[in-house]
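Asker:
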Amino acid sequence: MAVVEKETLGFQAEVKQLLHLMIHSLYSNKEIFLRELISNASDAADKLRFEAINNDALYGDDNELRIKVLFDKDAKTITISDNGIGMSRDEVISHLGTIAKSGTKEFFSKLSGDQQADAALIGQFGVGFYSAFIVADKVIVNTRRAGAFASEGVRWESGGEGEYSVESIEKPGRGTDVILHLRAGEEELLSSWKLKSIIRKYSDHISIPILMQKEEWDEEKKETVLKDEWETVNQASALWARSKNDITKEQYEEFYKHVSHDFQPPLTYTHNRVEGRSEYTQLLYVPTHAPFDLWDRNKRGGIKLYVRRVFIMDDAEQLMPTYLRFIKGVIDSNDLPLNVSREILQESRDVRLIREGSTKRVLGMLEELANSEEQENKDKYTTFWREFGQVLKEGIGEDATNKDRIAKLLRFASSKNDSADQNVSFADYVGRMKEGQTKIFYVTAESYNAARNSPHLEIFQKKGVEVLLLTDRVDEWMLSFLNEFDGKELVSVAKGDLDLGALEDEAEKKEHAETESSYKELVEKMKGALLDKAKDVRVTFRLTESPACLVADEHELSANLVRMLKAAGQNAPESKPILEINPNHPLVQRLKYEDPASPRFGDWSHILFDQAMLAEGGNLSDPAGFVKRLNEMLLATVK
Numbered sequence: 067m068a069v070v071e072k073e074t075l076g077f078q079a080e081v082k083q084l085l086h087l088m089i090h091s092l093y094s095n096k097e098i099f100l101r102e103l104i105s106n107a108s109d110a111a112d113k114l115r116f117e118a119i120n121n122d123a124l125y126g127d128d129n130e131l132r133i134k135v136l137f138d139k140d141a142k143t144i145t146i147s148d149n150g151i152g153m154s155r156d157e158v159i160s161h162l163g164t165i166a167k168s169g170t171k172e173f174f175s176k177l178s179g180d181q182q183a184d185a186a187l188i189g190q191f192g193v194g195f196y197s198a199f200i201v202a203d204k205v206i207v208n209t210r211r212a213g214a215f216a217s218e219g220v221r222w223e224s225g226g227e228g229e230y231s232v233e234s235i236e237k238p239g240r241g242t243d244v245i246l247h248l249r250a251g252e253e254e255l256l257s258s259w260k261l262k263s264i265i266r267k268y269s270d271h272i273s274i275p276i277l278m279q280k281e282e283w284d285e286e287k288k289e290t291v292l293k294d295e296w297e298t299v300n301q302a303s304a305l306w307a308r309s310k311n312d313i314t315k316e317q318y319e320e321f322y323k324h325v326s327h328d329f330q331p332p333l334t335y336t337h338n339r340v341e342g343r344s345e346y347t348q349l350l351y352v353p354t355h356a357p358f359d360l361w362d363r364n365k366r367g368g369i370k371l372y373v374r375r376v377f378i379m380d381d382a383e384q385l386m387p388t389y390l391r392f393i394k395g396v397i398d399s400n401d402l403p404l405n406v407s408r409e410i411l412q413e414s415r416d417v418r419l420i421r422e423g424s425t426k427r428v429l430g431m432l433e434e435l436a437n438s439e440e441q442e443n444k445d446k447y448t449t450f451w452r453e454f455g456q457v458l459k460e461g462i463g464e465d466a467t468n469k470d471r472i473a474k475l476l477r478f479a480s481s482k483n484d485s486a487d488q489n490v491s492f493a494d495y496v497g498r499m500k501e502g503q504t505k506i507f508y509v510t511a512e513s514y515n516a517a518r519n520s521p522h523l524e525i526f527q528k529k530g531v532e533v534l535l536l537t538d539r540v541d542e543w544m545l546s547f548l549n550e551f552d553g554k555e556l557v558s559v560a561k562g563d564l565d566l567g568a569l570e571d572e573a574e575k576k577e578h579a580e581t582e583s584s585y586k587e588l589v590e591k592m593k594g595a596l597l598d599k600a601k602d603v604r605v606t607f608r609l610t611e612s613p614a615c616l617v618a619d620e621h622e623l624s625a626n627l628v629r630m631l632k633a634a635g636q637n638a639p640e641s642k643p644i645l646e647i648n649p650n651h652p653l654v655q656r657l658k659y660e661d662p663a664s665p666r667f668g669d670w671s672h673i674l675f676d677q678a679m680l681a682e683g684g685n686l687s688d689p690a691g692f693v694k695r696l697n698e699m700l701l702a703t704v705k
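In this note's numbering, the protein residues as written are 67 to 705.
See the structure below:
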């Protein structure tokens with residue numbers, strides 16, 4: 067007999083919050099409890115298969131993996147039973163008493179009060195077991211780890227409040243039984259028809275049999291009764307191994323929800339059997355929304371790896387590049403060894419071929435959406451870009467082989483549009499280029515408004531030349547790897563000398579040369595006054611309204627990138643900006659005739675520099691000095 071060692075423990079604080087959510091907020095989505103518990107049972111079977119690769123004795127005399135769903139009308143219970151890997155006492159306490167996952171705070175911060183949206187987070191955060199308390203006021207878990215003795219069974223029990231108990235029990239077979247004592251009012255679940263409909267709706271894709279007892283009509287009792295025979299409720303075959311013609315859209319979507327723990331259907335998917343140097347099957351999905359940990363580049367991937375239908379690992383990051391870390395799905399290889407490790411994955415030629423093929427397949431999916439004439443697909447790509455566009459941009463620097471394909475998928479805000487929507491492609495821009503224009507112009511800034519109102523855009527707006535507005539934090543890094551598109555050089559309007567090429571006629575060039583000559587003396591005087599701030603001072607014709615602007619040398623970091631590096635606590639190379647002055651602005655024209663020996667000349671020069679710094683979103687090194695100079699100038703004007 068097992069030694070009874072019963073102890074009562076308190077739930078982790080986050081679990082208490084979660085249980086309260088399950089019981090009081092997600093009642094209308096109660097069917098998800100069965101989906102989540104069957105999914106957990108399926109995962110337990112996968113883990114047993116994997117561990118048994120090196121230890122076949124774990125199966126004992128029970129080699130047929132299965133999940134059983136039972137109900138008892140008299141006891142008002144539903145039981146989900148599996149013969150998978152099972153749990154030890156320590157694992158029970160770890161898995162069922164705490165949320166052992168970084169991101170617990172993110173889980174609760176994502177809750178919106180919308181039952182449908184909140185239910186979507188349950189599986190995503192690995193807390194699906196607790197959905198049992200949506201329909202049950204008491205849950206009992208009897209479990210025994212594969213390879214353990216019958217006397218090493220464990221019982222976990224809780225009423226979904228602040229505590230749970232754990233005790234040792236005698237359990238003949240390995241695996242886990244989850245027994246739900248239903249709440250009052252949940253009796254409709256105690257029927258074969260109801261449970262089968264839920265299973266076929268949410269869990270038909272599960273690759274091992276889900277069994278339920280057959281029913282027959284009892285003439286004496288005038289009701290249906292359960293027989294001692296079992297029938298398979300689901301198709302019980304790996305969905306990705308079936309022919310595409312035999313799989314419905316609904317089945318594809320439910321399988322996605324299983325592998326991703328997402329409550330919403332995917333945006334798009336691809337299912338292919340690849341033959342050649344490496345043989346494998348891929349079923350890959352693009353989610354509709356970004357996961358909470360999208361920006362964690364150390365997060366394991368979303369690809370489940372199988373070898374000849376045997377589950378190997380559920381986070382095979384080697385099968386997909388980092389910039390496609392949002393992709394979910396399954397890859398099943400015919401060539402990899404069953405005992406493949408992460409180290410082998412990193413060095414395997416077959417894995418490299420799978421990774422390359424899968425990357426191209428995902429980019430192909432995105433190209434189909436991006437280039438489609440159908441409004442539904444256009445809308446899908448807009449959704450994709452909103453959710454994952456910034457991550458895709460990482461591919462420009464990480465995937466040299468596919469850089470040109472990725473560049474065609476990029477979308478940006480533009481000075482031609484009146485909104486911050488990023489819906490302009492490089493191809494759109496090139497197609498609208500002015501006659502004589504040979505370059506793609508862009509500006510980077512911390513926000514859309516800062517970019518849209520940048521003084522550097524003034525001459526381009528006057529001439530009707532489009533400028534791309536780049537405001538994502540990844541843009542500056544991306545641009546260090548992307549210098550041209552379709553033979554057209556990418557040029558920042560805030561770096562180097564302004565060269566409009568054929569967009570500027572000979573008369574303008576002559577006039578500019580004459581103006582520069584007439585302002586040569588002022589420029590030299592301002593250089594002396596701003597020696598500690600400006601690398602150079604020069605006349606510019608990129609401005610039509612602003613008196614001055616700051617630019618960086620062509621081969622130096624942009625001011626926006628320097629600010630980003632400093633904000634991130636990184637060292638940024640110190641370099642002084644170049645001050646460009648607008649000779650047609652009244653302030654500059656006034657300064658031209660100011661005595662350089664007068665204190666007012668230096669003050670005006672510093673005010674112009676500081677205004678230009680503020681206009682581009684920079685921080686003043688001496689804000690008090692700026693305010694003092696400005697006040698003195700205002701007072702002098704009043705007099």
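Cβ atoms here follow ideal geometry from the backbone N, Cα and C, with glycine treated the same way. Values in this document were obtained by computation on a predicted structure and should not be read as measured data.
So for W283, helix, strand or coil by DSSP?
Answerer: Correct three-state label for W283: strand.
Asker: Hey, V605 and E620: beta-carbon distance below 9 Å or not?
Answerer: Contact: no.
Asker: Roughly how many angstroms lie between the CA atoms of F321 and V376, to the nearest whole one?
Answerer: Rounded to whole angstroms, F321 to V376 spans 17 Å at the Cα level.
Asker: On the three-state DSSP scale, how would you describe R706?
Answerer: The chain is shown from 67 up to 705; residue 706 falls before or after that span and cannot be answered.
Asker: Along the chain, where does the beta strand (DSSP E) that runs through K293 open and close?
Answerer: Run containing K293: 289–298, per the beta strand (DSSP E) assignment.
Asker: Closest to M490 by C-alpha separation, out of S513, A516, Y447, N519, would be which residue?
Answerer: Residue identity check: residue 490 is Val in the sequence provided, not Met. Closest by alpha carbon: Y447.
Asker: Kindly confirm or deny that the segment 250–261 and the segment 146–154 touch, where touching means at least three C-beta pairs closer than 8 Å.
Answerer: At 8 Å Cβ cutoff, the stretches do not touch.
Asker: List the residues that DSSP assigns as beta-bridge partners of F137.
Answerer: F137 pairs with I144.
Asker: Cα separation between K167 and L564?
Answerer: In this prediction, K167 has a pLDDT of 48, which is less than 50 and means its spatial position is unreliable; nothing more can be read from the coordinates.
Asker: Got a sec? Which residues, its chain only, sit under 7 Å from H324 by beta carbon, not counting five neighbours each side?
Answerer: Counting only Cβ-Cβ distances below 7 Å, and skipping sequence neighbours, we find S105, H271.
Asker: Could you tell me whether the segment 404–415 touches the segment 454–472, using the rule of 3 or more Cβ pairs below 8 Å?
Answerer: Contact fails: fewer than three Cβ-Cβ distances are below 8 Å.
Asker: Determine the extent of the alpha helix (DSSP H) in which N437 is found, giving its start and end residues.
Answerer: Unbroken run through N437: none, as it is neither H nor E.
Asker: Taking buried to mean at least 16 other C-beta atoms within 10 Å of its own C-beta, is S612 buried or exposed?
Answerer: With 16 or more other Cβ atoms within 10 Å, it is buried.
Asker: Whole-angstrom Cβ separation of V509 and L523, contact assumed at under 8 Å?
Answerer: Right, the Cβ-Cβ distance comes to about 6 Å (below 8 Å), so this counts as a contact.
Asker: Can you name, in chain order, every residue of its own chain whose Cβ lies under 7 Å from the Cβ of N648, other than the five neighbours on each side?
Answerer: Only T606, L609, S612, P613, A614, V654 meet the Cβ criterion.
Asker: From K529, E501, R101, pick the residue whose C-alpha is nearest to that of S481; which is it?
Answerer: Nearest of K529, E501, R101 to S481, Cα basis: K529.
Asker: What runs of the beta strand (DSSP E), each 3 residues or longer, lie entirely inside the segment 524–591?
Answerer: Those beta strand (DSSP E) runs which fall completely within the segment 524–591 and span 3+ residues are 534–536, 554–558.
Asker: Using DSSP with H/G/I as helix, E/B as strand and the rest coil, what is K204?
Answerer: Correct three-state label for K204: strand.
Asker: Buried or exposed for H337, going by 16 or more other Cβ atoms inside 10 Å?
Answerer: It is buried - the Cβ of H337 has at least 16 other Cβ atoms within 10 Å.
Asker: Mind checking Y93: buried by the 16 CB within 10 Å criterion, or exposed?
Answerer: Only weak support exists for where Y93 lies, its pLDDT of 48 falling under 50; the value from the coordinates is given anyway. It is exposed - the Cβ of Y93 has fewer than 16 other Cβ atoms within 10 Å.
Asker: Identify, in the order they occur along the chain, each residue of the same chain with its Cβ nearer than 7 Å to the Cβ of S687, setting aside the five sequence neighbours on each side.
Answerer: Counting only Cβ-Cβ distances below 7 Å, and skipping sequence neighbours, we find nothing.
Asker: Grab the span of the alpha helix (DSSP H) containing M379 for me, first residue to last.
Answerer: That residue, M379, is in no alpha helix (DSSP H); its beta strand (DSSP E) goes 376–379.
Asker: Label T298 either buried or exposed according to how many other C-beta atoms from any shown protein chain fall within 10 Å of its C-beta, with 16 as the threshold for buried.
Answerer: Answer is exposed; the Cβ neighbour count stays below 16.
Asker: Got a sec? Which residues, its chain only, sit under 7 Å from K599 by beta carbon, not counting five neighbours each side?
Answerer: Only K642, F675 meet the Cβ criterion.
Asker: What separation, rounded to the nearest whole angstrom, lies between the Cα atoms of E682 and L536?
Answerer: Straight-line Cα distance between these residues: approximately 14 Å.
Asker: Can you name the residues that DSSP bridges to A110?
Answerer: A110 pairs with nothing; no bridge assigned.
Asker: Taking Q503 and L569 to be in contact with their CB atoms under 8 Å, please state how far apart those CB atoms are, rounded to whole angstroms.
Answerer: Between L569 and Q503 the Cβ distance is about 6 Å, and since that is below 8 Å, they are a contact.
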